[in-house]
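Asks: Here you go, one structure.
See below:
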């Protein structure tokens, strides 16, 4: 029975989804008998702070956690303050409905949202769980006719995750506040992800470069070559007298040659030896010693799942994981792709048929395999029964047919190509290795090798080729043709060049490679990775340098503390085992409460369940301490020690409350030297030499003299936001409270420096703002120096000045002349760009860096994106600029909130009428205020919908 006919008797059905955008799309498919409304993500959660804890629970010892750990870890749920109006609206709609359809996403999070809705709304009408994997007319109507019951196992699993993450975050984070810095956070997956980034940086810091040399020969066959049979080719020196020549892989991180199991080592050529060999081979006759040919075959890649989509969008489109998921969310909600949070690589029969049809239509029957391809899942405990991410519907729309533009078009095209390619034939060809040898003038035998690849049938590569994490790696469709030679053919060496190389430290993680690493280690859930990376960036544990993720010095302190005192909690295997345990609960193979009890309270090893993450890492003792015991005694944690890192030569890097700094101890009884370290300095670049340079700079505090008027000392200092001058207040001056006194402070002008600024300069700076005079109406005009440069201010009207010097020289006449001119929005004249970065691959527009009122920003002339704190104009890469623009586009244009004017009807002059009108106006204002608040809440909540998919503490 169709949805339309089912409602023919006048029944009214309320369908609740998660987002307004999804509600709008689905409503168009269901017709008039259905009311579709959004919950706007979760409607309730554990209390976020003491203010949200209901009064009757405030005295409970567990109220801070929001989880009653002494009563089977019973959670305390409260309706989010910004969702109360929405809940009220849903209850009102439910009261007028005959059935309730809970149509949230078909995963643990969606199941939990559906359960919370049922618990809060308390429906007295039949409740149906409606699930679908794509938002198309047929899929939605099919979902209405094939509902199911709520899956309590999934709800229990998600609830256990939420409780676990709350216990972890709320118990461990305060340790970081007390021992490292306030407002830090710890999380089950975010802390482990941060540790991975820190460990990679440690490897880079310990790395020692090795130099090695080799030879490249350009060999001539003596024939005139063409595209299919080149006459010359290059080959690299492989061995000398049968001993393999060392390449980068033969050196360890300590810069030394590795030794094989049999005790042998590769031949390490230095520059002198390489040049000597090249000279000795100058007149050598060479010949082909061997030609090895074997078939080449490459199968297509599996359709996208969440993590592979994030990785490939990073490589090919320059998207961060967060941007990828934002754009994918929009594509899903508008019916273009299937659900984008999935561990599955499976395609439905409908999707396979659609893909195969397009292969035949677009590429021909020669590219279609005899049987449909299927792909086995590679993810352990893959969540639920979703499909892979693919174009929606039983017929795929080509990118040109969608009407999409910008980032949505690019991501859809990526998904479409990958899906179609997954149902195409293998690429085939031949791979060839040629070995060339000759004997040098001094009797040494040298052998060179060259490898080639010819693709005779491109198969799926006609549609799609996967990108690579290494920018220097060859892609699968790259051909390397070698000449057609045979064993014994004579060759002439046109040229033999000497090449020097240096080993490189392991590459830092990018968002794509960190996602890949987390998935391979089975840590966390793929659906949460974008949220995790966003969290460690927002928390300043990690910052970006180009596309690389660089750990801050703060993260070194946090990870060091956790490793030393909470080793189990950041152990990779332990975290992965926790994930396995949570999946066991989801399958019904384990119970939630006993598992949480072991994790939080601990237990005797003899009573534990073998293999559980809650029992891991017991060491030599019989008792396994739980989380509560771990955080109960903080006396053993040396706060200064966990935030101190030796650099060498008595120099120490310390992480302080206001950022990192280097310190050199002074003689006994005397203070040492200190110097701030830039927040964006990669830890592997802080050498002894650089630390000495930082210490050699002006000390950051220089006494300039005494203010003759106040008698207070004036000093110059170097702060985190640049050099400035300030006065020193007498001891005992209150700094807080009603009677607090703030010292006068002023930033140095751009042409001033700490080592040359004088007392007179400082007094002039501290005299600002300067009263220039008053206009004809008596309004005072002042000259001030602000965050965005020098300006004039008259009442609420500000006008920019051209230079800082004008603050002291501008006259009243000049100021009035400026105010007589029409006010310009922005700067008086466009400045040339600070840097040109090439064309954005999205729209082929030129991208440049400009200096704006709020600092430097990147723009393509249509979209502007402010540089983040970690971005530097001098080092920003095109890829980073494209990513910032993509993220800005994904957020959409900023929406202006305009208050609606209420036009009051004209009334007579009667007092009673006036009173009534006033009352009506007051009521109207209150109603308008409520409406505006609702709209604002809905907008804010809508933005949170995608982020709400992952647990906040994870």
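Numbering (the UniProt record's numbering), first residue to last: 1 to 954.
We put the beta carbon where it would ideally sit given N, CA and C, even for glycine.
Hey, how far is the Cα of residue 479 from the Cα of residue 843?
Replies: Residue mapping note: residue 479 aligns to position 479 of the chain shown, counting from 1. Residue mapping note: residue 843 aligns to position 843 of the chain shown, counting from 1. Computed Cα separation, rounded: 29 Å.
Asks: Using a Cβ distance threshold of 8 Å, determine whether the region 192-205 contacts the region 651-662, with at least three qualifying pairs required.
Replies: They do not touch, by the three-pair rule.
Asks: When you compare the region 279-288 with the region 440-460, are there three or more beta-carbon pairs, one atom per stretch, that lie closer than 8 Å?
Replies: Segments in contact, yes.
Asks: Determine the contact status of residue 181 and residue 657, defining contact as a CB-CB distance below 7 Å.
Replies: As a working mapping, residue 181 is identified with position 181 in the chain shown. As a working mapping, residue 657 is identified with position 657 in the chain shown. Contact: yes.
Asks: In the DSSP output, what is residue 724 paired with across the bridge?
Replies: Taking the chain shown and counting its residues from 1, one reaches residue 724 at position 724. Answer by DSSP bridge pairing, in chain order: 717 and 747.
Asks: From residue 791 to residue 722, what does the alpha carbon distance come to, in whole angstroms?
Replies: Position 791 of the chain shown holds residue 791. Position 722 of the chain shown holds residue 722. Cα to Cα, residue 791 sits roughly 20 Å from residue 722.
Asks: With a 10 Å radius around its C-beta and 16 neighbouring C-beta atoms as the bar for buried, classify residue 586 as buried or exposed.
Replies: Stepping through the chain shown from its first residue, residue 586 is reached at position 586. The residue in question, residue 586, is buried, as its Cβ has 16 or more Cβ neighbours within 10 Å.
Asks: Within the region 503-585, note down every full beta strand (DSSP E) run reaching 3 residues or more, in order along the chain.
Replies: Segments of the beta strand (DSSP E) lying fully in the region 503-585: 542-545 and 548-551.
Asks: When the Cα of residue 452 is compared with those of 233, 321 and 665, which residue comes out closest?
Replies: As a first step, residue 452 must be located in the chain shown, where it is residue number 452. Closest option to residue 452, Cα to Cα, is 233.
Asks: Terminal residues of the continuous alpha helix (DSSP H) containing residue 137?
Replies: Against the chain shown, residue 137 aligns to sequence position 137. Residues 137-145.
Asks: When you compare only the Cα positions, how much space is there between residue 16 and residue 364?
Replies: Here residue 16 refers to the residue found at position 16 of the chain shown. Here residue 364 refers to the residue found at position 364 of the chain shown. Between residue 16 and residue 364, the C-alpha separation is close to 44 Å.
Asks: Taking the alpha helix (DSSP H) that residue 162 belongs to, which residues open and close that run?
Replies: Along the chain shown, one-based indexing puts residue 162 at 162. Note, residue 162: alpha helix (DSSP H), 152-179.
Asks: Apart from the five residues on each side of it in sequence, which residues of its chain come closer than 8 Å, Cβ to Cβ, to residue 763?
Replies: As a first step, residue 763 is located in the chain shown; it is residue number 763 there, counting from the start. Result list for residue 763: 707 and 714, in chain order.
Asks: Pull the bridge partners of residue 326 from the DSSP assignment, please.
Replies: As a first step, residue 326 is located in the chain shown; it is residue number 326 there, counting from the start. Beta-bridge pairing links residue 326 to no other residue.
Asks: Mind checking residue 297: buried by the 16 CB within 10 Å criterion, or exposed?
Replies: Residue numbering aside, residue 297 sits at position 297 when the chain shown is read from its first letter. Burial call: exposed.
Asks: Could you check how far apart the C-beta atoms of residue 485 and residue 291 are, in whole angstroms? I think they sit under 8 Å.
Replies: The residue you call residue 485 lines up with position 485 of the chain shown. The residue you call residue 291 lines up with position 291 of the chain shown. Between residue 291 and residue 485 the Cβ distance is about 6 Å, and since that is below 8 Å, they are a contact.
Asks: Report the start-end ranges of each beta strand (DSSP E) in the region 764-805 that is 3 residues or longer and not cut off at the edges.
Replies: Taking only runs of at least 3 residues, the beta strand (DSSP E) segments lying wholly in the region 764-805 are 770-774, 780-786, 789-794 and 797-800.
Asks: For residue 370, which three-state DSSP category applies?
Replies: Counted from its first residue, the chain shown places residue 370 at position 370. In the structure shown, residue 370 sits in coil (DSSP, three-state: anything other than H, G, I, E or B).
Asks: Looking only at its own chain, which residues have a Cβ that is under 6 Å from the Cβ of residue 963, when we skip the five neighbours before and after it?
Replies: Residue numbering for the chain in the displayed model covers 1 to 954; residue 963 lies beyond these limits and cannot be assessed.
Asks: Using the Cα positions of residue 251 and residue 241, report the straight-line distance between them to the nearest angstrom.
Replies: As a working note, residue 251 is residue 251 in the chain shown. As a working note, residue 241 is residue 241 in the chain shown. About 21 Å.
Asks: Which residues bound the beta strand (DSSP E) around residue 706?
Replies: Residue mapping note: residue 706 aligns to position 706 of the chain shown, counting from 1. 701-706 is the span of the beta strand (DSSP E), which, as asked, contains residue 706.
Asks: Out of 422, 890 and 370, state which residue places its alpha-carbon closest to the alpha-carbon of residue 391.
Replies: Within the chain shown, the letter at position 391 stands for residue 391. Comparing Cα-Cα distances from residue 391 to each of 422, 890 and 370, the minimum goes to 422.
Asks: Give me, in chain order, the residues of the same chain whose beta-carbon lies closer than 8 Å to that of residue 130; leave out the 5 immediate sequence neighbours on both sides.
Replies: For the purposes of this step, residue 130 is taken as the residue at position 130 of the chain shown. Taken in chain order, the residues that qualify are 15, 101, 102, 103, 143, 144 and 147.
Asks: Looking at C-alpha atoms only, which residue of 840, 579, 460 and 71 is the closest neighbour of residue 518?
Replies: The residue you call residue 518 lines up with position 518 of the chain shown. The option with the nearest alpha carbon to residue 518 is 579.
Asks: Which of the three DSSP states, helix, strand or coil, is assigned to residue 753?
Replies: Here residue 753 refers to the residue found at position 753 of the chain shown. Residue 753: coil per DSSP, three-state reduction.
Asks: Would residue 680 and residue 661 qualify as a contact pair, given that the criterion is a beta-carbon distance under 7 Å?
Replies: For the purposes of this step, residue 680 is identified with residue 680 of the chain shown, where counting begins at 1. For the purposes of this step, residue 661 is identified with residue 661 of the chain shown, where counting begins at 1. No, they are not a contact pair.
Asks: Report the option in 136, 126, 92 and 111 whose CA atom is closest to the CA atom of residue 26.
Replies: Position 26 of the chain shown, counted from the start, is the residue given in the question as residue 26. Residue 136 is the option with its Cα nearest to residue 26.
Asks: Please specify which runs of the beta strand (DSSP E), each continuous and at least 3 residues long, are wholly inside the region 408-481, giving them in chain order.
Replies: Counting whole runs of 3 or more residues, the region 408-481 contains the beta strand (DSSP E) stretches 427-439 and 445-457.
Asks: Let me make sure I understand the geometry here. Which of 72, 496, 57 and 371 has the alpha-carbon closest to that of residue 220?
Replies: As a position in the chain shown, residue 220 is number 220, starting the count at 1. The option with the nearest alpha carbon to residue 220 is 496.
Asks: Is there at least one Cβ from chain C nearer than 7 Å to residue 786's Cβ?
Replies: This model lacks chain C altogether; it includes just one protein chain.
Asks: Does the beta-carbon of residue 501 have 16 or more other beta-carbons within 10 angstroms, so that it is buried, or is it exposed?
Replies: Position 501 of the chain shown holds residue 501. Per the 10 Å Cβ criterion, exposed.
Asks: May I have the straight-line CA-CA distance separating residue 12 from residue 310, to the nearest angstrom?
Replies: Residue 12 sits at position 12 when you count from the first residue of the chain shown. Residue 310 sits at position 310 when you count from the first residue of the chain shown. Their Cα atoms are separated by approximately 41 Å.
Asks: Taking the continuous beta strand (DSSP E) assigned at residue 594, which residues delimit it?
Replies: To locate residue 594, count along the chain shown from 1; it is residue 594. That residue, residue 594, is in no beta strand (DSSP E); its alpha helix (DSSP H) goes 592-601.
Asks: Flag this pair as yes or no: are the beta carbons of residue 75 and residue 140 separated by less than 7 Å?
Replies: The residue given as residue 75 occupies position 75 in the chain shown. The residue given as residue 140 occupies position 140 in the chain shown. No.
Asks: Report the rounded CA-to-CA distance for residue 354 versus residue 347, giving the unit in angstroms.
Replies: Within the chain shown, the letter at position 354 stands for residue 354. Within the chain shown, the letter at position 347 stands for residue 347. Approximately 10 Å, taken between the alpha carbons.
Asks: Does the Cβ of residue 367 have 16 or more other Cβ atoms within 10 Å, making it buried, or fewer, making it exposed?
Replies: Against the chain shown, residue 367 aligns to sequence position 367. Buried is the call here.
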